[in-house]
Amino acid sequence: WPSLTGDLRDAAISALITSEDRAALLLDALENNKVEQSAIPWGMRVQLMAQANESLRDRARNLFTKEDTQNQAIIEQYRSSLTLKGGEKNGKEVFIKNCSVCHQIGERGGAPYGPDLGTIRNRRSESILADILNPNLSIADGYDIWIIELNSGENIQGLIATETPTAITVRMYGGTEMAIARKEIRSLKALGMSAMPAGLEKQISQQQMADLLAYIRQPK
485 WPSLTGDLRD AAISALITSE DRAALLLDAL ENNKVEQSAI PWGMRVQLMA
535 QANESLRDRA RNLFTKEDTQ NQAIIEQYRS SLTLKGGEKN GKEVFIKNCS
585 VCHQIGERGG APYGPDLGTI RNRRSESILA DILNPNLSIA DGYDIWIIEL
635 NSGENIQGLI ATETPTAITV RMYGGTEMAI ARKEIRSLKA LGMSAMPAGL
685 EKQISQQQMA DLLAYIRQPK
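Counting from 485, one number per residue, gives the positions in the sequence shown under our numbering.
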């Protein structure tokens with residue numbers, strides 16, 4: 485690991501998170517401080533914290549997020565951002581860096597994985613803030629994670645984008661979609677959690693949160 489350059493580290497992490505065995509090795513290295521947490525980009529943290537394997541998912545969330553009992557304290561800490569003047573230009577930069585990996589605004593500017601944030605611009609800032617910092621409090625309809633076990637033994641994880649009597653279309657991380665015939669499916673299981681894990685407060689300051697809220701809530 486110490487000999488890898490930044491681009492190679494990103495490539496290595498991308499390879500490690502594509503299977504449970506390799507993801508476990510990466511989590512081992514993170515827990516033992518052989519790989520620093522700062523080396524894991526936000527989007528890849530999202531993938532690790534949304535693993536289908538419950539043990540791996542819990543380990544990742546323990547590494548990257550605070551305990552749920554602290555979520556309200558985090559929200560209270562960030563309430564000061566509601567009194568700060570936010571800048572839409574800076575907010576766009578925050579969005580691109582931290583949110584565009586899963587979201588768009590008005591069908592523009594990112595990946596169509598999670599909800600389009602253009603649909604929430606008229607909500608109260610307090611409500612948007614709470615959902616950003618503790619997304620499992622309110623899972624948007626159609627945006628909970630599903631595990632699809634195939635007859636072949638393969639597991640597919642993602643959002644159910646569309647479904648028909650004969651097939652479902654699964655939207656996976658990054659916005660790519662896969663159509664699966666129902667006759668190929670052994671089981672479907674909802675994980676009961678948002679596709680967006682908690683932990684964004686580790687990435688942005690209160691001022692950046694104010695900027696992000698200003699950008700999300702700007703008029704069309």
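Glycine is no exception: its CB is placed at the ideal position from the N, C-alpha and C atoms. For clarity, every value in this text was computed on a predicted model and none was experimentally measured.
Which value, in whole angstroms, describes the spacing of the CA atoms of residue i and residue j?
{"i": "D494", "j": "I524", "result": "8 Å"}
{"i": "I616", "j": "Y562", "result": "11 Å"}
{"i": "T603", "j": "G658", "result": "20 Å"}
{"i": "E661", "j": "Q690", "result": "35 Å"}
{"i": "L540", "j": "L675", "result": "14 Å"}
{"i": "G594", "j": "I580", "result": "7 Å"}
{"i": "Y583", "j": "A698", "result": "Sequence inspection shows Cys at residue 583; the Tyr mentioned does not correspond to that position. Taking the straight line from one Cα to the other gives about 14 Å."}
{"i": "A507", "j": "L532", "result": "8 Å"}
{"i": "K518", "j": "I497", "result": "13 Å"}
{"i": "R607", "j": "A694", "result": "15 Å"}
{"i": "R543", "j": "A614", "result": "24 Å"}
{"i": "D717", "j": "R655", "result": "Residue 717 lies beyond the residue range present for the chain, which begins at 485 and ends at 704; the question has no answer from this structure."}
{"i": "D505", "j": "P619", "result": "28 Å"}
{"i": "E538", "j": "L492", "result": "28 Å"}
{"i": "I632", "j": "T502", "result": "16 Å"}
{"i": "M528", "j": "G642", "result": "15 Å"}
{"i": "L636", "j": "A651", "result": "Here the sequence assigns Ser to residue 636, which means Leu is not the residue at that position. Computed Cα separation, rounded: 16 Å."}
Starting from the C-beta of residue i, find all residues in its chain whose C-beta is less than 7 Å away, skip the five residues before and the five after it, and write them out in chain order.
{"i": "L509", "result": "L500"}
{"i": "K576", "result": "Y699"}
Taking C-alpha atoms, which residue in the options lies nearest to residue i?
{"i": "W485", "options": "E504, T502, Q521 and R607", "result": "Q521"}
{"i": "T549", "options": "G598, E572 and L684", "result": "L684"}
{"i": "S565", "options": "E610, T502 and S498", "result": "E610"}
{"i": "L702", "options": "N517, A507 and K573", "result": "According to the sequence shown, residue 702 is Gln rather than Leu. Nearest of N517, A507 and K573 to Q702, Cα basis: K573."}
{"i": "K673", "options": "I688, W630 and Q535", "result": "W630"}
{"i": "I700", "options": "N516, L514 and G570", "result": "G570"}
{"i": "M680", "options": "Q692, I644 and Y597", "result": "Y597"}
{"i": "I612", "options": "N537, L696 and M656", "result": "L696"}
{"i": "I688", "options": "V578, E504 and D628", "result": "V578"}
{"i": "W526", "options": "R605, N516, A513 and C586", "result": "C586"}
{"i": "E638", "options": "E560, L511 and A536", "result": "A536"}
{"i": "Q692", "options": "A513, T567 and E515", "result": "T567"}
{"i": "L514", "options": "P599, R592 and L547", "result": "L547"}
Return the chain-ordered list of same chain residues with a C-beta closer than 8 Å to the C-beta of residue i, the five sequence neighbours on each side being excluded.
{"i": "L634", "result": "I640, I664, E668, I669 and R670"}
{"i": "P649", "result": "R666"}
{"i": "E551", "result": "Caution applies to E551, whose pLDDT of 47 falls short of 50 and renders its modelled position unreliable; the model cannot decide the point."}
Excluding the five sequence neighbours on either side, which residues of its own chain have a C-beta within less than 6 Å of the C-beta of residue i, listed in chain order?
{"i": "I558", "result": "L617 and E685"}
{"i": "T646", "result": "T653"}
{"i": "I589", "result": "L601 and G602"}
{"i": "R545", "result": "M533"}
Sorry if obvious, but does the Cβ on residue i come closer than 6 Å to a heavy atom of the ligand SAM?
{"i": "L509", "result": "In the structure on display, the ligand SAM does not appear, and there are no ligands present to speak of."}
Item to check | Ranges of the beta strand (DSSP E) found wholly within the region 617–667, counting only runs of at least 3 | outcome: Counting whole runs of 3 or more residues, the region 617–667 contains the beta strand (DSSP E) stretches 628–634, 639–647, 651–655 and 661–665.
Checklist entry - What alpha helix (DSSP H) runs, 4 residues minimum, are completely inside the region 547–599? => result Whole alpha helix (DSSP H) segments, 4+ residues: 555–562 and 572–582.
Item to check | Continuous alpha helix (DSSP H) assignments of at least 4 residues falling wholly in the region 511–538 | outcome: Given a length threshold of 4 residues, each whole run of the alpha helix (DSSP H) inside the region 511–538 is given here in chain order: 526–533.
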